[in-house]
Each structure stands twice: as structure tokens, then as C-alpha cells.
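In order, the protein sequences belong to chains A and B.
Just so you know, we're using the working numbering here: the first sequence kicks off at 35 and counts up by one.
Just so you know, we're using the working numbering here: the second sequence kicks off at 35 and counts up by one.
Notes follow the structure.
There are 2 protein chains.
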Amino acid sequence: MRRQITGFSNPTVKFLKSLRDKKHRRREGKFLAEGLRLLTDARECGRLPEMLVMAQGREAHPLLSALEADVLAAGGDVVETSEDILSKITGKDNPQAVCGVFAEFDTSLAGVDRHAAPLWLVAQAMRDPGNLGTMLRTADAVGAGGLILLDDSVDPFSVEAVRASMGAIFTQKLAVARWDEFLPWLRGGEGQLVAASLREAVPYRGAPYAAPCFIMVGNESRGLPEDYEMACDLRVTMPMKGRADSLNAAVAGAVLAYEVLAALEA
Amino acid sequence: MRRQITGFSNPTVKFLKSLRDKKHRRREGKFLAEGLRLLTDARECGRLPEMLVMAQGREAHPLLSALEADVLAAGGDVVETSEDILSKITGKDNPQAVCGVFAEFDTSLAGVDRHAAPLWLVAQAMRDPGNLGTMLRTADAVGAGGLILLDDSVDPFSVEAVRASMGAIFTQKLAVARWDEFLPWLRGGEGQLVAASLREAVPYRGAPYAAPCFIMVGNESRGLPEDYEMACDLRVTMPMKGRADSLNAAVAGAVLAYEVLAALEA
Chain A
35 MRRQITGFSN PTVKFLKSLR DKKHRRREGK FLAEGLRLLT DARECGRLPE MLVMAQGREA
95 HPLLSALEAD VLAAGGDVVE TSEDILSKIT GKDNPQAVCG VFAEFDTSLA GVDRHAAPLW
155 LVAQAMRDPG NLGTMLRTAD AVGAGGLILL DDSVDPFSVE AVRASMGAIF TQKLAVARWD
215 EFLPWLRGGE GQLVAASLRE AVPYRGAPYA APCFIMVGNE SRGLPEDYEM ACDLRVTMPM
275 KGRADSLNAA VAGAVLAYEV LAALEA
Chain B
35 MRRQITGFSN PTVKFLKSLR DKKHRRREGK FLAEGLRLLT DARECGRLPE MLVMAQGREA
95 HPLLSALEAD VLAAGGDVVE TSEDILSKIT GKDNPQAVCG VFAEFDTSLA GVDRHAAPLW
155 LVAQAMRDPG NLGTMLRTAD AVGAGGLILL DDSVDPFSVE AVRASMGAIF TQKLAVARWD
215 EFLPWLRGGE GQLVAASLRE AVPYRGAPYA APCFIMVGNE SRGLPEDYEM ACDLRVTMPM
275 KGRADSLNAA VAGAVLAYEV LAALEA
């Protein structure tokens, strides 16, 4: 169905705005993604928004027209509104001219097929939505199967995380689990658990990586708990030439992931 | 000098708050850094704040006492204030219990000694303070000499960039220059300019890196201008296995920097 919305107090506007809040996303089981590029990525991955929200008076764009047609054909809603209202919804002064509402995905560990890819990223208690989105983007780039979020993680469906993923939220499998659920699952099949560590570790270059390889990074300020590190099959160190003793979590994951990719392809 | 401040309207509080704003930082030539860890890093690098601002009623900490003594001995100010006022200054709900005001550093290209380190990071038109700080942190980790910011960059002295650098703002040389100033400077001596690129590039692993190696990354959304890429001595590609055609800028810089480090040390 296609309709126009002109008032800030319209219930649809309130609903859309509420999706910037984690509590409401959880209750509704839905999230927001912004921008024609992200929505086109989603569409090409077979994911259509249930509702497409567009700014009025925008220039026609063939990708937007295609998206609109697909959403309508799938029985979804298309809403036209003002740029002001779109700003209100996305919380940005210069909103991208379109956003969409998606149903949240199944994030159960049971949905992960470990043999679907040679490597996987795992992030423990990640706090920063930008880091989370960046890890999804990196996972896509290295051909990983997806990202597994352990323990109390920032919400992967926040607008910031979705934005930083640059569309990888739609291409990568996302799972959320507690450590005491993840470890038995991992040990129930093939899989090498690897972490950057200073404890009894080998140099990260030339380490004996094996597929499916699960690369785990820890919380931004505390790193990994010691027992998590000790449960790893392989602990590796990266050079730290300066004063700092750690890298940004998303950076550490990426440097390691590219190393594992090169090792597995050699 | 040591003093107490109790009112929100105190001129010192106004001055400190104003340092969250780029315009005021530029005018004053000063910036804010927060947290005992960051300030201790600074102190160990021989950088003392001109003014140290501490929350009242905090627990004594030997590193804080040492810092306070050094600041007073150097003729600096020590200010005690409430947690509420400290929140107001840093713009954070849970401020770290201490912050400091530093004089901005010399960021001229003339201050860069290219032979001081085997590699350097270069970021063009970087927009995100978190990415900028993360690149400084990575530069420290790989033993780089510093970070050179080209063209219109986000302010490296913003609270967010300083925070994300995890102290590397004090250990790394920081320079700011326009491209048409940087390129002649680079060509006035030894130095290999390297960028990740899709144009006539070689695989990033095993590429002929040479010190001093300048690793350049482009703007977060536009990447590097074509002429910047073509001016490089070496263009390298990294595997992109998924749908995305690029990595986060700070991630790309880090993966490349670790590769260059390994190559130069081999």
C-alpha cells in the first residue's frame, strides 16, 4: 500500500521514531536501515523492507523505483513524507532520502552452519555499535560466514551498527549467544577457536590456522576474560611496538582475519 | 596553583567546556584529554597538562598524586571540582575522574623526520574522529612515526579523537597538510607512497614495500581521489570476497600497516 504522511504526530511516524530505541526494536522485532545503497544491498540479498519511507520531492532514481515496485509487489507499505519528518525518524540532520523497516533476523546459534565459510568472527561483550558494524563489514570482505556476538553486546540492529556495517548486516549471518552456550556448540563439531592474547601465545603470522576458524575479540576496555582465552585452541600475538598494549577491537579482528584468510588460501 | 571551583558559571568551567568546540580549541591552541590512564601516558611521554581538573571526593591514587605533583612543579594549575561540573566539561554522563588541558602540538610537515620510523600513516580528508584516533592507536602499535592528515580532516584534537587514540596522540607525531604541500615534501627525500587501490594494483601480500613507507588511506565515503592514487609508488589490492568493495578506512590502514611491518622486518 502506498500513502502519504504529513504530520509529525502520525502514529506511523511515532512507530518509526521508536525504532531508534532498543527496547522498542525488541518489542516490535523490527529495525531501521537508511539510504538507497544499503536498501539496494538488502534487496540484492533478497531482503525487502516491510515498509519503505521516502522523502517527497526527491529526484527519481531507477534503483529507488525498483525497490518501491518490489516492496509493493511483496505486499509491503510505501510511505511518502517530508524531509523534516524523515530527519525526525532517523535522528540525522541530513537524512538519506529513504529508509526501510526490516523484520529482525533469527540470531540463534542453531542457525549457524559452521561449514558454510572457512572463517567466522566472534566478538565478546562488544560495546560500540561502530565497532560492531565495522566487524560485519570486515567479515563480508574476508568472506567470513558471519559474526557471533557473545554475552552482553550492544544491539546489532541499532541504526549506528547497521550504518557502519555498510550493508553487511544483510549478507552476514549474525548470531547472539552466551559463552556457556557458545562453547558447547563450538565443541559439538569442527572448529578452531583463535584469539589474540599475551598468554602462552605464538606469533600471529605463520600460526597453524585451520578452517572453520573462529576469530574471537574481546570487550573494548577489558579484553577477553582469561578463561575464554584459555579455552582457545590457538592464542596468537600481534606486534605491539609502541606504548599501547592493545588495538581497537575491530582493528584487531580485521588484522587477524586477513592473516587467517591468507593462511587458509595458501 | 591549586584551587577549588564550585559553580557552573565559573569562567574556568566555561573555558574548559568551550574546548569541546573546534573553533575555541583553535583560538586557544589547547585541547582536552580525559582519564588517568591517558594523562599518565602523556606524563610518561613528557607531556604535562597546563591545567589538571579533578573530581572532589575521589579515592587517592598514586598515579594521580604523581601527576598532580608534576603539574604543580611545572607551574601548572590544579583544579578540584564536583563530578557534576566535570560531567559538564567532558560532555559525558560518567566522566572519568580527571581531565587535563594541553597545549596543541606543532603539526607542521616540517616537524616530521621521515627517517625516525620505517612507516607512517597518511589519511586523506578523514571525517570520523573515532577513525582518526584509531589510526593513531594503530600507528603506535606498528611502530610508525606518526599520522599525516591530508586536506580537510576532522580535528585530531577533538575529545573523541583523543579518546579513541588511547594515548597515542601523545606518542605519535601528528602533521596536517594539503596534498599539494605533502607531495613535494615527500618527493624532496626518500619515501614510498602506498595506497590500497583497484587501479593497476598488485596483491598487498608480498608487495615490494620499502622504508620509509607512507601508507595512505582515503576519505570514508569517497576513497582517495584518482590523481592521489596515481601519484603512489605502489598500489596494492586486498581481497574483497563479499559484496562490499571497501573496508572501513581505519581497518584498511591497519591491515596494510601490519603487512608492511612484517615485510620490512622480514
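All residues carry an ideal CB built from backbone N, CA and C; glycine is no exception.
Being a predicted model, the structure only gives us computed values, none of them experimental.
- In the DSSP secondary-structure assignment, residue 154 of chain B is bridged to B:248.
- With respect to residue 130 of chain A, residue 201 of chain A sits apart: the two C-beta atoms are not nearer than 9 Å.
- Taken in chain order, the whole alpha helix (DSSP H) runs of length 4 or more contained in the segment 107 to 189 of chain B are 117 to 124 and 163 to 175.
- Residues of the same chain with a CB within less than 6 Å of the CB of residue 165 of chain B, apart from the 5 flanking positions on each side, are 283 and 284 in chain order.
- The alpha-carbon of residue 209 of chain B is positioned some 26 Å away from that of residue 168 of chain A.
- In chain order, 35 and 85 place their CB closer than 6 Å to the CB of residue 111 of chain A, counting only its own chain and leaving out the 5 sequence neighbours on each side.
- Remark: C-beta atoms of residue 229 of chain A and residue 263 of chain A approach each other more closely than 9 Å.
- Within a 10 Å sphere around the beta-carbon of residue 152 of chain A sit 16 or more other beta-carbons, which makes this residue buried.
- A distance below 7 Å between beta-carbons, with the five flanking residues on each side excluded, links residue 161 of chain A to the following residues of its chain, in chain order: 188, 253 and 254.
- Shown in chain order are the members of the segment 257 to 272 of chain B whose Cβ falls below 9 Å from a Cβ of chain A: 272.
- When the Cα atoms are used, residue 156 of chain B and residue 219 of chain A turn out to be separated by approximately 43 Å.
- Interface annotation, residue 282 of chain A: in contact with chain B, CB-CB separation under 9 Å.
- Within chain A, 281, 282 and 285 have C-beta atoms less than 8 Å from the C-beta of residue 172 of chain B, given in sequence order.
- Between residue 168 of chain A and chain B, the shortest Cβ-Cβ separation is below 9 Å.
- When secondary structure is reduced to three states using DSSP, residue 202 of chain B falls in the helix class.
- At the C-beta level, residue 135 of chain A and residue 87 of chain A come within 9 Å of one another.
- Here the alpha carbon of residue 248 of chain A sits roughly 46 Å from the alpha carbon of residue 90 of chain A.
- Looking at the backbone, the Cα of residue 266 of chain A and that of residue 133 of chain A are separated by about 41 Å.
- As far as DSSP is concerned, residue 295 of chain A takes part in no beta bridge.
- When B:47, B:278 and B:61 are compared, the shortest CA-CA separation from residue 170 of chain A is found for B:278.
- Apart from the 5 residues on each side of it in sequence, residue 92 of chain B sits with its Cβ closer than 6 Å to the Cβ of 131 in its chain, given in chain order.
- For the pair residue 182 of chain B and residue 163 of chain B, the Cα-to-Cα distance works out to about 14 Å.
- DSSP places residue 59 of chain B in the uninterrupted alpha helix (DSSP H) bounded by 56 to 62.
- The beta carbon of residue 199 of chain A sits closer than 7 Å to the beta carbons of 167, 170 and 171 from its chain, once the five residues preceding and following it are set aside; these are given in chain order.
- Judged by DSSP secondary structure, residue 239 of chain A falls outside any beta strand (DSSP E); it is assigned neither H nor E.
- Spatial neighbours of residue 256 of chain B in its own chain (CB-CB distance under 8 Å, excluding positions within 5 residues in sequence) are listed in chain order as 159.
- Residue 76 of chain A has its alpha-carbon roughly 16 Å from the corresponding atom of residue 194 of chain A.
- In this chain, the alpha helix (DSSP H) harbouring residue 73 of chain B covers 70 to 78.
- Neighbourhood of residue 75 of chain A in chain B, by CB distance below 9 Å: 277 and 278, in chain order.
- Here the C-alpha atom of residue 124 of chain A lies approximately 7 Å from the C-alpha atom of residue 54 of chain A.
- Beta-bridge analysis with DSSP links residue 65 of chain A to A:136.
- At the C-beta level, residue 289 of chain B and residue 292 of chain A come within 9 Å of one another.
- Using a CB distance below 7 Å, the part of the segment 225 to 240 of chain B facing chain A consists of 239, ordered along the chain.
- A direct Cα-to-Cα measurement between residue 245 of chain A and residue 287 of chain B gives close to 26 Å.
- DSSP places residue 209 of chain B in the strand class (E or B) of the three-state scheme.
- Rounded to the nearest angstrom, the gap between the Cα atoms of residue 98 of chain A and residue 236 of chain A is 50 Å.
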